[in-house]
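**Student:**
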Amino acid sequence: MNEPDMTERRKADHIEICSTRDVLARYNYWDDIHLVHLAAPEIDHEQIEMELRIFGKELAAPIIISGMTGGSEKGENINRNLAKAASDLQIGIGVGSQRAALEKSSLSRSYEVLKDFDIPLKIANIGAPQLVMADKRKQTVGILNDAMEMIDADLIAIHLNYLQEAVQPEGEKRAKGLLGLIRDLAIDFPILIKETGAGLSPELIKTLAKMKIKGVDVGGAGGTSFSAVEYYRAQEIGDHRSARLGRTFWNWGIPTPVSAAIAAMSLQTIATGGIRTGLDVARAIIVGANCAGIANRLLMPALESYAAVEEELGEIIDELRVAMFLTGSKNLKALSEQDPLVTGPTKDWLEHLAKV
Ligand SMILES: Cc1cc2nc3c(=O)[nH]c(=O)nc-3n(C[C@H](O)[C@H](O)[C@H](O)COP(=O)(O)O)c2cc1C
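Numbered by the working numbering, the letters in the sequence shown go through residues 26 to 381 in order.
1. Give the single residue among W55, C43, A253 and D47 whose Cα lies nearest to the Cα of L366.
2. N150 by DSSP, collapsed to three states: which one?
3. Sorry if obvious, but does the Cβ on M236 come closer than 7 Å to a heavy atom of ligand 3?
4. Where DSSP assigns a beta bridge to H184, which residues make up the other side?
5. Using 7 Å as the cut-off, classify the Cβ of C316 as near or not near the heavy atoms of ligand 1, replying yes or no.
6. Quick one, are the C-beta atoms of G95 and S135 less than 8 Å apart?
7. Relative to the C-alpha of T297, which residue among E128, P282 and A259 is closest?
8. I'd like to know whether the C-beta atoms of I341 and V306 end up nearer to each other than 8 Å.
9. Just mark I212 as buried or exposed, buried being the case when its beta carbon has 16 or more other beta carbons within 10 Å.
10. Is L345 near T352, with beta carbons less than 8 Å apart?
11. In the DSSP output, which residue or residues are listed as bridge partners for D242?
12. Using DSSP bridges, identify the partner residues of P280.
13. Report the rounded CA-to-CA distance for T32 versus R124, giving the unit in angstroms.
14. Does at least one heavy atom of ligand 1 sit under 7 Å from the Cβ of G298?
15. Please state whether the Cβ-Cβ distance between T249 and G222 is less than 8 Å.
16. Tell me which residues share the same chain as S122 and place their Cβ nearer than 6 Å to its Cβ, disregarding the 5 neighbours each side in the sequence.
17. Pull up the CB-CB distance for K358 and I68, whole angstroms please, since I reckon it's below 8 Å.
18. Considering only the alpha carbon of each residue, which of S291, F350, E128 and R208 lies closest to Q72?
19. Leaving out the 5 sequence neighbours to the left and right, which residues in its chain are closer than 8 Å to E28 when beta-carbon positions are compared?
20. Does the beta-carbon of A223, which I'm using as the reference point, lie nearer than 7 Å to any heavy atom of ligand 1?
21. Please confirm whether any heavy atom of ligand 1 lies closer than 7 Å to the CB of G429.
22. Considering only their Cβ atoms, is the gap separating I42 from V243 smaller than 8 Å?
23. Quick one: Cα of M26 to Cα of Q155, how far?
24. Around the C-beta of K201, are 16 or more other C-beta atoms found within 10 angstroms, so that it is buried, or is it exposed?
25. Thinking I183 and K219 are a contact (beta carbons under 8 Å), I'd like their distance in whole angstroms, please.
26. Considering only C-alpha positions, which residue in the set W374, Q363, V48 and K36 is nearest to P66?
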């Protein structure tokens, strides 16, 4: 099997596994963030505004559809359904890793579908390990240019997925030199640093905040676990060592609310990882994030139709509106100024990491 085929196969496995198996972390940290009810909110439900400006773009709600796929016919349908919903609702969207299409141009259509829609914020996507391996600067710049052009992107996410690479049989584990590369590339490209389920630590956030990056998607623990995904893939091929690694690191990572709260002090922040409802979106705003990112919850609807995606997102937006109403928050700024109760492991994590 040559390399592009391997990449395509892996992406197909991810969709299959994430839509049919339990790949979620065992604990969802958003449940530790409690909003305080206001019995007399002194605003009308209809007056609530949830528009925002982020990365220089106007979104109708603080929601970004997180990058999941591309590189196959199924991926094209998923991206089309998600893109139509993003356009109709005027929210942001990212695509999955564009590696497959950069290696085999016939696959680029599955990402290019985003160009058919009027979307306020489009995020291209490339893996950090791929950049590290492309060691020549000219080659790296070419990869980023091509990926952005493919979807006419406003930002390019460099995704950090070393947990996944570390547990998967064919993982690419070269990480040395990445930060210098990001520092250089951020001078010329609008870069978003994106974790994929294990979160960003305070030390790394501090380092990133000194660079010219546009922001971070903290991609914390509590939602889709790529260690779990790799556990199923390894089991399928009878690779017991990798399956064991996947099982051991299933719940690894820094909780999304914790990582988001720390990142938001110095960077534009998307909180992705474990967002299930509009109440979780409200919690993300309350801990300081500008926006919430959603992947897993939208995968099944996206396999069905754009209408199913819009229905799910519509319900999430309804829930966000109710959370805003019941806390007397007439807009996102007012919501972000609420003082939530934080309990359980999330409180412990915050106390520990806030020391740094
Ligand atoms: C099927 C699937 C494929 C994904 N592929 C990518 C990817 O190619 N690049 C990336 O940056 N993140 C990828 N992600 C990670 C998501 O963008 C997101 O960070 C993660 O799933 C956590 O969000 P969730 O808990 O809402 O699922 C993928 C997620 C899923 C479910």
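All C-beta atoms, glycine included, are put in the ideal place defined by N, C-alpha and C.
Model, not experiment: these values are computed from the prediction.
**Tutor:** Looking at the atomic coordinates:
1. Of the listed residues, the one whose Cα sits closest to L366 is W55.
2. The three-state secondary structure of N150, taken from DSSP, is strand.
3. No copy of ligand 3 appears in this structure; the ligands present are ligand 1.
4. In DSSP, H184 forms a bridge with G152 and K219.
5. Not under cutoff, so the answer is no.
6. For G95 and S135, yes; Cβs fall inside 8 Å.
7. Among E128, P282 and A259, the Cα nearest to that of T297 is on P282.
8. At the C-beta level, I341 and V306 come within 8 Å of one another.
9. For I212, the number of other beta carbons within 10 angstroms of its own is below 16, and it is reported as exposed.
10. The answer is no: Cβ separation not under 8 Å.
11. Under DSSP, D242 forms a beta bridge with K219 and I295.
12. P280 pairs with A246.
13. The alpha-carbon atoms of T32 and R124 are separated by roughly 8 Å.
14. Result yes, Cβ under 7 Å from ligand 1.
15. Yes, these two residues count as a Cβ contact at 8 Å.
16. Correct list, in chain order: N150 and G152.
17. Not confirmed; about 13 Å, so no contact.
18. F350 is the residue among S291, F350, E128 and R208 whose C-alpha sits nearest the C-alpha of Q72.
19. In this predicted model, E28 has a pLDDT of only 49, less than 50, meaning its place in the structure is not dependable enough to derive any value.
20. No.
21. Given that the chain is displayed from residue 26 to residue 381, the structure contains no residue 429 and the question cannot be resolved.
22. For V243 and I42, no; Cβs fall outside 8 Å.
23. Low local confidence applies: a pLDDT of 36 at M26 is under 50, so the model's placement there is unreliable, with the coordinate-based value given in what follows. Approximately 19 Å, taken between the alpha carbons.
24. Exposed, because fewer than 16 other Cβ atoms sit within 10 Å of the Cβ of K201.
25. Indeed, because the Cβ distance is near 7 Å, the residues count as touching under 8 Å.
26. Ranking W374, Q363, V48 and K36 by Cα distance to P66 puts Q363 first.
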